[in-house]
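Participant: For the sequence shown, this note's numbering begins at 48 and goes up steadily by one.
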Amino acid sequence: MTGNITFTMLKPDAVEANSIGPILAMINKAGFKILAMKYMCLTKKQAGQFYAVHKERPFYGELIEYMSSGPIVAAILSKENAVLDYRQLIGATDPSKADEGTIRKLFAKSIAANAVHGSDSDENANIESNFFFSQLERF
Ligand code: UDP
Ligand code: MG
Numbered sequence: 048m049t050g051n052i053t054f055t056m057l058k059p060d061a062v063e064a065n066s067i068g069p070i071l072a073m074i075n076k077a078g079f080k081i082l083a084m085k086y087m088c089l090t091k092k093q094a095g096q097f098y099a100v101h102k103e104r105p106f107y108g109e110l111i112e113y114m115s116s117g118p119i120v121a122a123i124l125s126k127e128n129a130v131l132d133y134r135q136l137i138g139a140t141d142p143s144k145a146d147e148g149t150i151r152k153l154f155a156k157s158i159a160a161n162a163v164h165g166s167d168s169d170e171n172a173n174i175e176s177n178f179f180f181s182q183l184e185r186f
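1) Can you find the residues in the same chain that come closer than 6 Å, C-beta to C-beta, to A172, ignoring five residues on each side of it along the sequence?
2) Alpha carbon to alpha carbon, what distance is there between I174 and Q182?
3) Please report the straight-line C-alpha distance between A122 and K156, rounded to a whole angstrom.
4) For the ligand MG, is there a heavy atom less than 8 Å away from the beta-carbon of T140?
5) Taking L110 and L82 to be in contact with their CB atoms under 8 Å, please state how far apart those CB atoms are, rounded to whole angstroms.
6) Alpha carbon to alpha carbon, how far is K126 from D141? Give it in angstroms, no decimals.
7) Given this structure, state the Cα-to-Cα distance separating K85 from P118, to the nearest angstrom.
8) Looking only at C-alpha atoms, which of Q135, L153, R134 sits nearest to S143?
9) Identify whether Y107 lies in helix, strand or coil by the three-state DSSP scheme.
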């Protein structure tokens, strides 16, 4: 499977804005299959673990608050070249810099509340998928 999966979250701002459906439609339209999915709230501890790589960054505290502020949708997506193709579909971290037609350009509220997460490497796609899903939860 390595190389063909990526991990995503639809973040609390996107869920709050009733954008789950439209974002999933874009994901499917772009050729991604959904291998696993769950709708859940992250605790602060879980959000902190997930974003531990950003621990020293100035926005870490706010990011943890935000990511645990409401429900998220977590999913494993499958497609050839999944990590890079999904990063292209979601656009730049800062929505004001995201290309037209990308998920973040269309749905993000700000650089923090930027609608979706997408893995940045095959290694992290596996680590992040394993953080949320057991083998029994993948189809
Ligand atoms: N983030 C933020 N302020 C910043 C940079 C990032 O609040 O200046 C948040 C934002 O929600 C982003 C997450 O931290 O999606 C992780 O940052 P990263 O640099 O990994 O961006 P991504 O990989 O999500 O594009
Ligand atoms: Mg990242």
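Cβ coordinates follow ideal geometry from the N, Cα and C atoms, glycine included.
Facilitator: Walking through what the data contain:
1) As a position in the sequence shown, residue 172 is number 125, starting the count at 1. Excluding residues within five positions, the ones whose Cβ falls inside 6 Å are I52, T53, F54, V130, S166.
2) Counting from one through the sequence shown, the residue named residue 182 turns up at place 135. Counting from one through the sequence shown, the residue named residue 174 turns up at place 127. Linking Q182 to I174 through their CA atoms gives a straight-line distance of about 13 Å.
3) Here the question's residue 122 lines up with position 75 in the sequence shown. Here the question's residue 156 lines up with position 109 in the sequence shown. Spanning the alpha carbons of A122 and K156 requires a straight line of approximately 21 Å.
4) One-based indexing of the sequence shown puts residue 140 at position 93. Result yes, Cβ under 8 Å from the ligand MG.
5) Here residue 110 is taken as the residue at index 63 of the sequence shown, counted from 1. Here residue 82 is taken as the residue at index 35 of the sequence shown, counted from 1. In this structure L110 is not in contact with L82, their Cβ atoms being roughly 26 Å apart against a cut-off of 8 Å.
6) Indexing the sequence shown from 1 puts residue 141 at position 94. Indexing the sequence shown from 1 puts residue 126 at position 79. Their Cα atoms are separated by approximately 25 Å.
7) Here residue 85 corresponds to residue number 38 of the sequence shown, with the count starting at 1. Here residue 118 corresponds to residue number 71 of the sequence shown, with the count starting at 1. Annotation: K85 to P118 spans about 10 Å, alpha carbon to alpha carbon.
8) Working through the sequence shown from its first residue, we reach residue 143 at position 96. Closest by alpha carbon: L153.
9) Counting from one through the sequence shown, the residue named residue 107 turns up at place 60. Y107 carries a helical assignment under DSSP once its states are collapsed to helix, strand and coil.
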